[in-house]
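Novice:
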Amino acid sequence: MPELPEVETLARGLQREVAGSRVLSVELGKTEFMDNPAEIERELAGTRIERVERYGKFMLLRLERAAGADGVAQESALLVHLGMTGTMVPRPASEPRAKHTHLVALLEDGRELRYIDPRRFGRIAWLAGEKLRKELLRFGADPLLISQEEFVQRIRGRRARIKAMLLDQGVLRGVGNIYADESLWKAKIHPARIGARLTVEEAKTLHAALQQILKKAIVLRGSSISDFLDAEGEPGEYQLHHKAYGREGKACYRCKTPIRRIVVAGRSSFFCPSCQKAPRGMKRGRRTKPVPRRGASKVAAKVAVGKG
DNA sequence: CTCGATCCCTGGACGC
DNA sequence: TGCGTCCAGGGATCGA
Numbered sequence: 014m015p016e017l018p019e020v021e022t023l024a025r026g027l028q029r030e031v032a033g034s035r036v037l038s039v040e041l042g043k044t045e046f047m048d049n050p051a052e053i054e055r056e057l058a059g060t061r062i063e064r065v066e067r068y069g070k071f072m073l074l075r076l077e078r079a080a081g082a083d084g085v086a087q088e089s090a091l092l093v094h095l096g097m098t099g100t101m102v103p104r105p106a107s108e109p110r111a112k113h114t115h116l117v118a119l120l121e122d123g124r125e126l127r128y129i130d131p132r133r134f135g136r137i138a139w140l141a142g143e144k145l146r147k148e149l150l151r152f153g154a155d156p157l158l159i160s161q162e163e164f165v166q167r168i169r170g171r172r173a174r175i176k177a178m179l180l181d182q183g184v185l186r187g188v189g190n191i192y193a194d195e196s197l198w199k200a201k202i203h204p205a206r207i208g209a210r211l212t213v214e215e216a217k218t219l220h221a222a223l224q225q226i227l228k229k230a231i232v233l234r235g236s237s238i239s240d241f242l243d244a245e246g247e248p249g250e251y252q253l254h255h256k257a258y259g260r261e262g263k264a265c266y267r268c269k270t271p272i273r274r275i276v277v278a279g280r281s282s283f284f285c286p287s288c289q290k291a292p293r294g295m296k297r298g299r300r301t302k303p304v305p306r307r308g309a310s311k312v313a314a315k316v317a318v319g320k321g
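Residue numbers (this note's numbering): 14 to 321.
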């Protein structure tokens, strides 16, 4: 699945391969996962891709500035989310198109930039000006840029489970299931722990673990799980370094205890039951056991208005 | 606020 | 070999 390291890898590849190219024409396949297919086709055709960058799990194809409805030039971009199985690759136009190719942008040098996505869990949108700005503001901090202080403050400021928080794109943009589990394993924190109950030390450790893992994964060009390939068609290698994700029943690399899989925040969560101690009140097997909260009355809820 | 459930979708794994 | 079934999972949405 493309998460931050995979998207970063692909965005860097596309920056090398297609930045500066002009799009001559556009062909669309299945379009129900696109925000506004007609607009995408119209706006992309004839424009120039100025640069490609990563934003969370999105790739941003920054486009040449063009006049908006009011005649004033505004910034615009094609937002591409790869979902579970999406990829975007430049290929010679003469090469047969892969099955599930849903967007094809013909470039002036005779290549085509192709978006391929069997499951269509991805998203493609064209946005400009204020709409673009507002869309980007929906997302939280970049996990590679967030300071330790801010990370600790955010994590400890909420009562959601840490796994859910790591996956919440409004908190951190770009972390998905693999890297959430890997960083929690490295930091020795159970995925079902409540964020607000982490110690400052634990939160600091998690911040460091997350950044180290993401950086290493980028160096190794991401994890190739469901046939992820970079812009050159090469698989990543980080999947060979996974310590928790996908290792149910296998020995923990630290203590030999078999790795377990539970569902947290609706997602498979792999962890070492020995290194990553379960929070109190969550003993084995028992799910749906909410921690009783003192003082969380309706009165308190009513007062809690007017907070961002 | 936070939760779980449900839906979207296809391919791969598995059982017979 | 060829079915049918189950499952994976990011994100939107909805009800609790």
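Cβ atoms here follow ideal geometry from the backbone N, Cα and C, with glycine treated the same way.
Do the CB positions of Arg267 and Phe283 come within less than 7 Å of each other?
Specialist: Taking the first sequence and counting its residues from 1, one reaches residue 267 at position 254. Taking the first sequence and counting its residues from 1, one reaches residue 283 at position 270. Contact flag unset, no.
Novice: For Leu211, which of helix, strand or coil comes out of DSSP?
Specialist: Walking along the first sequence from the start, residue 211 turns up at place 198. Looking at Leu211 - three-state DSSP - the assignment turns out to be coil, as it is neither helix nor strand.
Novice: Do Cys285 and Ile275 come within 7 Å of each other at the CB atom, strictly closer than that value?
Specialist: Here residue 275 is taken as the residue at index 262 of the first sequence, counted from 1. Here residue 285 is taken as the residue at index 272 of the first sequence, counted from 1. Against a cut-off of 7 Å, the Cβ pair of Cys285 and Ile275 comes out as no contact.
Novice: State the DSSP-derived secondary structure class of Arg169, mapped to helix, strand or coil.
Specialist: Within the first sequence, residue 169 is the residue found at index 156, counting from 1. Residue state, collapsed to three classes: helix.
Novice: At a cut of 8 Å, does the segment 127-137 reach the segment 100-111 through at least three beta carbon pairs?
Specialist: yes
Novice: Which partner residues does Phe283 have in the DSSP bridge list?
Specialist: Within the first sequence, residue 283 is the residue found at index 270, counting from 1. As computed with DSSP, Phe283 is found in a beta bridge with Arg274.
Novice: Relative to the C-alpha of Arg293, which candidate in Leu223, Ala111, His203, Lys269 has its C-alpha closest?
Specialist: Taking the first sequence and counting its residues from 1, the one referred to as residue 293 is at position 280. Taking only the C-alpha atoms, the option nearest Arg293 is His203.
Novice: In this structure, how does DSSP classify Ser107 when only helix, strand and coil are distinguished?
Specialist: Against the first sequence, residue 107 aligns to sequence position 94. Of the three classes helix, strand and coil, the one that applies to Ser107 here is coil, per DSSP.
Novice: Name, in chain order, the residues that DSSP records as bridge partners for Phe71.
Specialist: Translated into positions along the first sequence, residue 71 becomes position 58. The partner list for Phe71 (beta bridge, DSSP) reads Tyr68, His94.
Novice: Assign Asp121 to one of three DSSP states: helix, strand, or coil.
Specialist: Counted from its first residue, the first sequence places residue 121 at position 108. Contrary to the premise, residue 121 reads as Glu rather than Asp in this sequence. In this structure, Glu121 counts as coil in the three-state DSSP scheme.
Novice: Can you round the beta-carbon distance between Arg174 and Ala205 to whole angstroms, since I take them to be within the 8 Å contact cut?
Specialist: Here residue 174 refers to the residue found at position 161 of the first sequence. Here residue 205 refers to the residue found at position 192 of the first sequence. At roughly 5 Å, the Cβ-Cβ gap stays under 8 Å, so Arg174 and Ala205 are in contact.
Novice: Tell me Thr100's beta-bridge partners as DSSP assigns them.
Specialist: Here residue 100 is taken as the residue at index 87 of the first sequence, counted from 1. In DSSP, Thr100 forms a bridge with Ile129.
Novice: When DSSP labels each residue in this structure, what does His220 get in the three-state scheme?
Specialist: Position 207 of the first sequence, counted from the first residue, corresponds to residue 220. If DSSP states are grouped into helix, strand and coil, His220 belongs with the helices.
Novice: With distances taken from CA atoms, which of Glu77, Asp83, Gly123 is nearest Glu56?
Specialist: Sequence index remark: in the first sequence, residue 56 carries index 43 (1-based). Of the listed residues, the one whose Cα sits closest to Glu56 is Glu77.
Novice: Can you have a look at Val316 and say buried or exposed, based on whether 16 or more other CB atoms are within 10 angstroms of its CB?
Specialist: The residue you call residue 316 lines up with position 303 of the first sequence. The predicted position of Val316 is uncertain, since its pLDDT is 32 and thus under 50; a value taken from the coordinates is nonetheless stated next. By the neighbour-count rule (16 or more Cβ atoms within 10 Å), Val316 is not buried but exposed.
Novice: Could you check where the beta strand (DSSP E) with Leu253 kicks off and where it finishes?
Specialist: Residue 253 sits at position 240 when you count from the first residue of the first sequence. Note, Leu253: premise wrong, no beta strand (DSSP E); not H, not E.
Novice: Val215 to Ala200, Cα distance in whole Å?
Specialist: Stepping through the first sequence from its first residue, residue 215 is reached at position 202. Stepping through the first sequence from its first residue, residue 200 is reached at position 187. Looking at the sequence shown, residue 215 is not Val but Glu. Cα to Cα, Glu215 sits roughly 7 Å from Ala200.
Novice: Report yes or no: do the segment 154-171 and the segment 131-141 share at least 3 C-beta pairs separated by less than 8 Å?
Specialist: no
Novice: If you draw a straight line from the C-alpha of Ala278 to the C-alpha of Gly59, how long is it?
Specialist: As a working note, residue 278 is residue 265 in the first sequence. As a working note, residue 59 is residue 46 in the first sequence. Between Ala278 and Gly59, the C-alpha separation is close to 43 Å.
Novice: Which residue from Glu54, Glu121, Pro105, Thr44 puts its Cα closest to that of Arg35?
Specialist: Counted from its first residue, the first sequence places residue 35 at position 22. When each option's Cα is compared against that of Arg35, the closest is Glu121.
Novice: If you drop the 5 nearest sequence neighbours on each side, which residues of the same chain put their C-beta closer than 6 Å to that of Leu119?
Specialist: Taking the first sequence and counting its residues from 1, the one referred to as residue 119 is at position 106. Excluding its 5 nearest sequence neighbours in each direction, Leu119 has C-beta neighbours in its own chain below 6 Å: Leu37, Ser38, Glu125, listed in chain order.
Novice: Quick check on the burial criterion: 16 or more other C-beta atoms within 10 angstroms. Buried or exposed for Ala111?
Specialist: Here residue 111 refers to the residue found at position 98 when the first sequence is read from its first residue. Ala111 comes out exposed.
Novice: Does the distance from the C-beta atom of Gly69 to that of Gly187 stay below 7 Å?
Specialist: The residue you call residue 69 lines up with position 56 of the first sequence. The residue you call residue 187 lines up with position 174 of the first sequence. Yes, Cβ-Cβ distance for Gly69 and Gly187 is below 7 Å.
Novice: Drop a sphere of 10 angstroms on the beta-carbon of Gln28, count the other beta-carbons inside from all chains shown, and report buried for 16 or more, exposed for fewer.
Specialist: Mapped onto the first sequence, residue 28 falls at position 15. Under a 10 Å Cβ-count criterion, Gln28 is classified as buried, with 16 or more other Cβ atoms of the shown protein chains found around its own Cβ.
Novice: Measuring CB to CB, does Glu21 end up less than 7 Å from Ile231?
Specialist: Reading the first sequence from its first residue, position 8 is the one you call residue 21. Reading the first sequence from its first residue, position 218 is the one you call residue 231. Going by C-beta atoms, Glu21 is nearer than 7 Å to Ile231.
Novice: Per DSSP, Val324 forms a beta bridge with which residues?
Specialist: Outside the modelled stretch of the chain, which goes from 14 to 321, sits residue 324, for which no answer is possible.
Novice: Since Leu13 sits in a beta bridge, which residues does DSSP pair it with?
Specialist: Residue 13 cannot be examined here, being either before or after the span of the chain that is shown, 14 to 321.
Novice: Taking the CB atoms as reference points, tell me whether Ala24 and Glu66 lie closer together than 7 Å.
Specialist: The residue labelled residue 24 in the question sits at position 11 within the first sequence. The residue labelled residue 66 in the question sits at position 53 within the first sequence. Yes, these two residues count as a Cβ contact at 7 Å.
Novice: Could you please give the first and the last residue of the uninterrupted alpha helix (DSSP H) stretch that includes Arg55?
Specialist: Here residue 55 refers to the residue found at position 42 of the first sequence. 50-57 is the extent of the alpha helix (DSSP H) around Arg55.
Novice: If you draw a straight line from the C-alpha of Val85 to the C-alpha of Leu140, how long is it?
Specialist: For the purposes of this step, residue 85 is taken as the residue at position 72 of the first sequence. For the purposes of this step, residue 140 is taken as the residue at position 127 of the first sequence. Approximately 15 Å, taken between the alpha carbons.
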